[in-house]
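Student: Dropping a structure here in structure tokens format, bear with me for questions.
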Amino acid sequence: RKEVEQDPGPFNVPEGATVAFNCTYSNSASQSFFWYRQDCRKEPKLLMSVYSSGNEDGRFTAQLNRASQYISLLIRDSKLSDSATYLCADRYNFNKFYFGSGTKLNVKP
Amino acid sequence: GAGVSQSPSNKVTEKGKDVELRCDPISGHTALYWYRQRLGQGLEFLIYFQGNSAPDKSGLPSDRFSAERTGESVSTLTIQRTQQEDSAVYLCALVAVTGELFFGEGSRLTVL
Chain L
1 RKEVEQDPGP
11 FNVPEGATVA
21 FNCTYSNSAS
31 QSFFWYRQDC
41 RKEPKLLMSV
51 YSSGNEDGRF
61 TAQLNRASQY
71 ISLLIRDSKL
81 SDSATYLCAD
91 RYNFNKFYFG
101 SGTKLNVKP
Chain S
1 GAGVSQSPSN
11 KVTEKGKDVE
21 LRCDPISGHT
31 ALYWYRQRLG
41 QGLEFLIYFQ
51 GNSAPDKSGL
61 PSDRFSAERT
71 GESVSTLTIQ
81 RTQQEDSAVY
91 LCALVAVTGE
101 LFFGEGSRLT
111 VL
């Protein structure tokens with residue numbers, strides 16, 4: 001079983017839609033969680049960290065559910081420019097970072 | 001990405017050749033990671049360096065892969081006798097003061 005799992009998608013949504021991704025993690029001792037965005041043929045870039053109390057940044061909201069061991073990313077009012085692959089990651093035992101395989105989002109006009 | 005320079009950005013090689021990939025981090029980052037990303041796949045951990053401690057090599061896929069780093073300086077990832085399945089983007093990453101990883105732009109390796 002992978003440490004971090006995501007639905008690969010693709011999620012095809014119209015502009016303006018709200019879309020949510022979930023990501024499950026297997027290690028209950030994981031300490032920190034992150035969402036990254038990766039554009040085609042580019043390196044992953046941090047979108048936001050996920051705090052126990054949740055985290056909101058403009059149209060993006062990330063939440064952590066430790067009881068069920070998943071993190072979520074909600075994107076409101078989707079833009080064409082949101083089209084990308086979204087990777088979740090967790091940090092375990094201080095120096096281990098595990099990444100999901102990514103969820104592909106296509107926002108269409 | 002800013003703070004992590006990788007070279008070459010693209011490398012095409014023939015099967016069986018050795019390749020060396022380089023990661024040049026900004027100073028002050030003791031932790032350095034190498035990841036591999038095959039086309040359409042997720043990030044696969046290869047190796048982790050932390051200061052002068054013994055590196056965590058648990059992700060290296062075979063003994064054809066090796067990496068070195070001295071202190072907080074440049075790291076090199078060497079792949080010997082390359083195979084077609086080694087074709088991937090090799091990403092170097094550092095840990096930010098806020099705790100997340102940030103990545104270099106990667107070295108895209110194509111083995112013919």
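As they're listed, the protein sequences go chains L and S.
Under our numbering, the letters of the first sequence match residues 1 to 109, in that order.
Under our numbering, the letters of the second sequence match residues 1 to 112, in that order.
Here a beta-carbon is modelled for each residue, glycine too, at the ideal position from N, C-alpha and C.
All values derive from a computational prediction rather than experimental measurement.
1. Strictly below 8 Å CB to CB, what residues from chain S border Leu87/L?
2. Within 8 Å of any Cβ in chain S, is that where the Cβ of Asn95/L sits?
3. Look at Pro8/S and Ser107/S and say whether their C-beta atoms are less than 8 Å apart.
4. Counting Cβ pairs, one atom from each stretch, are 3 or more of them under 8 Å apart for the segment 76-96 of chain S and the segment 22-42 of chain S?
5. Can you give me the start and stop residues for the beta strand (DSSP E) that Gln6/S sits inside?
6. Tell me whether Gln6/S is buried or exposed, calling it buried when 16 or more other Cβ atoms sit within 10 Å of its Cβ.
7. Under a CB-based cut-off of 8 Å, is Ser49/L close to chain S?
8. On a Cα-Cα basis, can you pick out the residue from Leu73/L, Phe33/L and Pro109/L that is closest to Gly58/L?
9. So for Leu74/L, helix, strand or coil by DSSP?
10. With a threshold of 16 other CB atoms inside 10 Å of the CB of Ala89/L, please say whether the residue is buried or exposed.
11. Once DSSP output is grouped into helix, strand and coil, what is the label at Glu85/S?
12. Listing by chain order, which chain B residues have their CB less than 7 Å from the CB of Tyr48/S?
13. Classify Gly28/S as buried or exposed, calling it buried when 16 or more other Cβ atoms lie within 10 Å of its own Cβ.
14. So, at 6 Å on beta carbons, what are the nonlocal neighbours of Thr85/L in its own chain, with the 5 sequence-adjacent residues on each side left out?
15. If you draw a straight line from the alpha carbon of Leu80/L to that of Thr70/S, how long is it in whole angstroms?
16. Express the C-alpha separation of Tyr92/L and Gln80/S in angstroms, rounding to a whole number.
17. Between the segment 56-70 of chain L and chain S, which residues of the former have CB atoms less than 9 Å from a CB of the latter, in chain order?
18. Quick one: give me the first and last residue of the beta strand (DSSP E) that Leu77/S is part of.
19. When you compare the CB positions of Phe11/L and Asn95/L, do they come within less than 8 Å of one another, or not?
Tutor: Let me spell this out:
1. Counted from its first residue, the first sequence places residue 87/L at position 87. Ordered by position in chain S, the residues that pass the 8 Å Cβ test against Leu87/L are Gly42 and Leu43.
2. Your numbering for residue 95/L matches position 95 in the first sequence. Yes, its Cβ sits closer than 8 Å to a Cβ of chain S.
3. Start at 1 with the first residue of the second sequence, and residue 8/S comes out as number 8. Start at 1 with the first residue of the second sequence, and residue 107/S comes out as number 107. A contact, by the Cβ cut-off of 8 Å.
4. yes
5. What you label residue 6/S is simply residue 6 of the second sequence in a count that begins at 1. It spans Val4 to Ser7 - the beta strand (DSSP E) in which Gln6/S sits, taken as one unbroken run.
6. On the second sequence, position 6 is the one that residue 6/S refers to. It is buried - the Cβ of Gln6/S has at least 16 other Cβ atoms within 10 Å.
7. Numbered from 1 along the first sequence, position 49 holds the residue referred to as residue 49/L. Judged by the 8 Å Cβ criterion, Ser49/L is in contact with chain S.
8. Translated into the one-based positions of the first sequence, residue 58/L becomes position 58. Considering only alpha carbons, the answer is Leu73/L.
9. On the first sequence, position 74 is the one that residue 74/L refers to. The answer is strand: DSSP assigns Leu74/L an E or B state.
10. Position 89 of the first sequence, counted from the start, is the residue given in the question as residue 89/L. Buried, because 16 or more other Cβ atoms sit within 10 Å of the Cβ of Ala89/L.
11. Against the second sequence, residue 85/S aligns to sequence position 85. Helix, per DSSP.
12. Among the protein chains of the structure shown, namely L and S, there is no chain B.
13. What you label residue 28/S is simply residue 28 of the second sequence in a count that begins at 1. Result: exposed.
14. The residue you call residue 85/L lines up with position 85 of the first sequence. Within the same chain, Thr85/L has close Cβ partners Gln38, Gly102 and Lys104.
15. One-based indexing of the first sequence puts residue 80/L at position 80. One-based indexing of the second sequence puts residue 70/S at position 70. So the alpha carbons of these two residues sit roughly 44 Å apart.
16. By one-based count along the second sequence, residue 80/S stands at place 80. By one-based count along the first sequence, residue 92/L stands at place 92. In a straight line, the C-alpha of Gln80/S is about 31 Å away from that of Tyr92/L.
17. Hits within the stretch: zero.
18. Residue numbering aside, residue 77/S sits at position 77 when the second sequence is read from its first letter. Unbroken beta strand (DSSP E) run through Leu77/S: Ser75 to Ile79.
19. Taking the first sequence and counting its residues from 1, the one referred to as residue 11/L is at position 11. Taking the first sequence and counting its residues from 1, the one referred to as residue 95/L is at position 95. No, they are not a contact pair.
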